[in-house]
Amino acid sequence: MNYINRLCLSAVFIFIVGIATPSTFISGRAGLSAQRNSFLTNGPIKERIPTISGEVFSFYLVPIQQDHFPEGVRLRWVDEMGDFSGWHEFRQDEHADPGKYLSNLNFAEQANWTDFELEMPANGPVTLYFFDPGKTDAEQPAEPRLLEGATCFQPAVLDRSDWCPAGNCPEGASPTFTEVTHLIVHHAAGTNVSNDWAAVVRGIWDFHVNANGWDDIGYNYLVDPNGVIYVGRGNDIRGAHFCGKNTNTMGTCLLGNFTDQLPTAAALASLTELMAWKCGDKDINPLEVSFHAGGNSNLINLAAHRDGCSTACPGDAFYPEFDDFRQGVAADLINCVTSSTTERPVWAESILVSPNPGSGAVRISGLPVEAQLTLFAIDGRQLSSQDNNGVANIEAMLTNAAPGVYFLRTEMAGEQHTLKVIRQ
Numbered sequence: 094m095n096y097i098n099r100l101c102l103s104a105v106f107i108f109i110v111g112i113a114t115p116s117t118f119i120s121g122r123a124g125l126s127a128q129r130n131s132f133l134t135n136g137p138i139k140e141r142i143p144t145i146s147g148e149v150f151s152f153y154l155v156p157i158q159q160d161h162f163p164e165g166v167r168l169r170w171v172d173e174m175g176d177f178s179g180w181h182e183f184r185q186d187e188h189a190d191p192g193k194y195l196s197n198l199n200f201a202e203q204a205n206w207t208d209f210e211l212e213m214p215a216n217g218p219v220t221l222y223f224f225d226p227g228k229t230d231a232e233q234p235a236e237p238r239l240l241e242g243a244t245c246f247q248p249a250v251l252d253r254s255d256w257c258p259a260g261n262c263p264e265g266a267s268p269t270f271t272e273v274t275h276l277i278v279h280h281a282a283g284t285n286v287s288n289d290w291a292a293v294v295r296g297i298w299d300f301h302v303n304a305n306g307w308d309d310i311g312y313n314y315l316v317d318p319n320g321v322i323y324v325g326r327g328n329d330i331r332g333a334h335f336c337g338k339n340t341n342t343m344g345t346c347l348l349g350n351f352t353d354q355l356p357t358a359a360a361l362a363s364l365t366e367l368m369a370w371k372c373g374d375k376d377i378n379p380l381e382v383s384f385h386a387g388g389n390s391n392l393i394n395l396a397a398h399r400d401g402c403s404t405a406c407p408g409d410a411f412y413p414e415f416d417d418f419r420q421g422v423a424a425d426l427i428n429c430v431t432s433s434t435t436e437r438p439v440w441a442e443s444i445l446v447s448p449n450p451g452s453g454a455v456r457i458s459g460l461p462v463e464a465q466l467t468l469f470a471i472d473g474r475q476l477s478s479q480d481n482n483g484v485a486n487i488e489a490m491l492t493n494a495a496p497g498v499y500f501l502r503t504e505m506a507g508e509q510h511t512l513k514v515i516r517q
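As structure tokens, this is what we get:
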């Protein structure tokens, strides 16, 4: 039994319009003015737009005959004066599972439109779906936090309870853990403008669950043009976003369409911060290629969707800039290692690494008993994490390390200090 049947009251209406035979399915969702409406038709129709309670709504097309995607189906809006918008042509969803035929997810702002017209060739019935996600009260992301063992702070995020406050966008009943080795970046290929991005996220959830048949929104995280990060499936949960090769990946979606324009600076800054955090969390070098077990092939560790799947995602305008984006993540990762979050704590004044610079045996002295030590390579990779009892292991690693620059971070009581160690 699907989510709609389980959680919603429904009513069905059958009526005749011109040469078409559309039916309308309306579902109300308790606690939020969200509803889904559908129109089944064999030909052109003109109908009233379902009542929209918020500022944005989503719509998409599903052919009844699931052996192809129909060409030439398009839609336009009509206002109360009888004036028309431009035509919107439906295109096949580039994120759909193999053998699944449905349009991409589209969004529209509720302006003065009262009706819609659907034009289509005679190539089989289709169902047009509308989803009203309701209106979102403004929420503030949580404060950034440094997770245990992480290199960088986890950036501020909006949890599911923030972007779906009514609680009717539930997570999957049986989420599957995955060990993340590769980070995959997408674009939503949807609207670039919205006054309610949380409503857009709810629209994506509805599309993924009720159109694709997945058990949750496909992405682990989503980032809007204002730089706000939304938690989807969340950390280390296998998603549905990488053409069936989702194991060992984390999928992050930039909200917007970057076929003809670049993501905003705010979106890229938050995406960079999120990727640097996860690279530090899982010791991932964003510039290296490694074996992706989920896809049984080599894949660059920080990949665009099209690097592993037949798709234009994350957009023809963004993709040529993707290597620069990777370099930015690598630089951010290094900055996390080399920068302390506070002035040097009093307890850190006595810590000494010797010889530094130097070669030969390394000794670390002056450590507080409660101190936690983490050793990083110059590219931000975590080499070892020990408590005070493991200081001998850190000393041995530095003694035998190849010539170069390393960083030793000490943490205690919520404070941290980083020392540069040069081996010759």
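Our numbering puts the first residue of the sequence shown at 94, with every later residue one more than the last.
Glycine residues also receive a C-beta, built at the ideal position from the N, C-alpha and C atoms.
Check: The segment 265-278 in contact with the segment 375-394 per 3-pair CB rule at 8 Å; Outcome: yes
Check: Classification of Pro214 by the beta-carbon crowding that lies within 10 angstroms, buried from 16 upward; Outcome: exposed
Check: Contact under 7 Å by Cβ, Val155 with Leu195; Outcome: yes
Check: Cβ-Cβ distance between Asn313 and Gly332 below 7 Å; Outcome: yes
Check: Reference Pro496; option with closest CA among Ala470, Ser477 and Arg502; Outcome: Ala470
Check: Ser131 burial status per 10 Å Cβ neighbour count (16 or more: buried); Outcome: buried
Check: Length of the line joining the Cα atoms of Glu173 and Thr207; Outcome: 6 Å
Check: Touching by the beta-carbon criterion (3+ pairs, under 8 Å), the segment 247-258 and the segment 169-189; Outcome: no
Check: Arg419 versus Phe500 - alpha carbon distance; Outcome: 22 Å
Check: Buried/exposed call for Pro413, threshold 16 Cβ in 10 Å; Outcome: exposed
Check: Same chain, Cβ closer than 8 Å to Gly337, neighbours up to 5 away in sequence not counted; Outcome: Asp190 and Pro191
Check: For Met368, the three-state DSSP class (helix, strand or coil); Outcome: helix
Check: Reduced DSSP category for Phe118 - H, G, I as helix; E, B as strand; rest coil; Outcome: Here the model assigns Phe118 a pLDDT of 29, short of 50, so the residue's position is not dependable, and the following value carries that caveat. Looking at Phe118 - three-state DSSP - the assignment turns out to be strand.
Check: Collapsed DSSP secondary structure at Tyr412 in the structure displayed; Outcome: helix
Check: Phe418 (DSSP reduced to helix, strand or coil); Outcome: helix
Check: Endpoints, alpha helix (DSSP H) assigned at Thr345; Outcome: Careful: Thr345 lies outside any alpha helix (DSSP H), inside the beta strand (DSSP E) at Thr342 to Leu347.
Check: Buried or exposed by the 16-neighbour rule on C-beta atoms within 10 Å, applied to Arg92; Outcome: There is simply no residue 92 to check, as the chain begins at 94 and stops at 517 in what is shown.
Check: Same chain, Cβ closer than 7 Å to Trp370, five either side skipped, listed in chain order; Outcome: Ala243, Cys245, Phe246, Gln247 and Pro248
Check: With 16 other Cβ atoms within 10 Å as the buried cut-off, status of Thr229; Outcome: buried
Check: Proximity of Cys262 and Trp290 at Cβ, strictly below 7 Å; Outcome: no
Check: Residue from Phe209, Ile427 and Trp307 whose Cα sits closest to the Cα of Ala366; Outcome: One detail in the question is off: residue 366 reads as Glu in this sequence, not Ala. It is Ile427.
Check: Sheet register partners of Arg141 (DSSP bridge); Outcome: Asp208
Check: Glu187 vs Thr404 beta-carbon contact at 7 Å; Outcome: yes
Check: Alpha carbon of Arg518 to alpha carbon of Gly483, nearest angstrom; Outcome: The displayed coordinates of the chain run from 94 to 517. Any statement about residue 518 would go beyond what the structure contains.
Check: Contact under 7 Å by Cβ, Asn481 with Leu460; Outcome: yes
Check: Beta-bridge pairing of Asn199 - partner residues as DSSP gives them; Outcome: Phe152
Check: Same chain only: Cβ atoms within 7 Å of Pro438, ignoring 5 sequence neighbours per side; Outcome: Glu508 and His510
Check: Residue ranges of each beta strand (DSSP E) within the segment 274-348, 3 or longer; Outcome: 275-280, 314-316, 322-324 and 342-347
Check: Extent of the continuous alpha helix (DSSP H) run through Ile488; Outcome: This sequence places Glu at residue 488; Ile is not what is there. Taken as a continuous stretch (DSSP letters only), the alpha helix (DSSP H) holding Glu488 covers Val484 to Thr492.
Check: Sheet register partners of Trp170 (DSSP bridge); Outcome: Phe209
Check: Assigned secondary structure, Leu355 (DSSP; H/G/I helix, E/B strand, else coil); Outcome: coil
Check: Residue from Gly408, Asp472, Leu276 and Ala441 with nearest C-alpha to Ala423; Outcome: Asp472
Check: Own chain partners of Trp256 with C-beta closer than 6 Å, once the 5 adjacent residues on each side are dropped; Outcome: Ala291, Val294 and Tyr323
Check: Pick from His398, Phe351, Ser478 and Pro450 that is closest to Glu504, judged by C-alpha positions; Outcome: Ser478
Check: Inter-residue Cα distance where the pair is Gly124 and Ser254; Outcome: Reliability fails at Gly124, whose pLDDT of 27 lies under 50, so the model's placement of it is uncertain and the value that follows must be treated cautiously. Answer to the nearest angstrom: the Cα atoms are 13 Å apart.
Check: Asp255 - containing alpha helix (DSSP H), residue span; Outcome: Arg253 to Trp256
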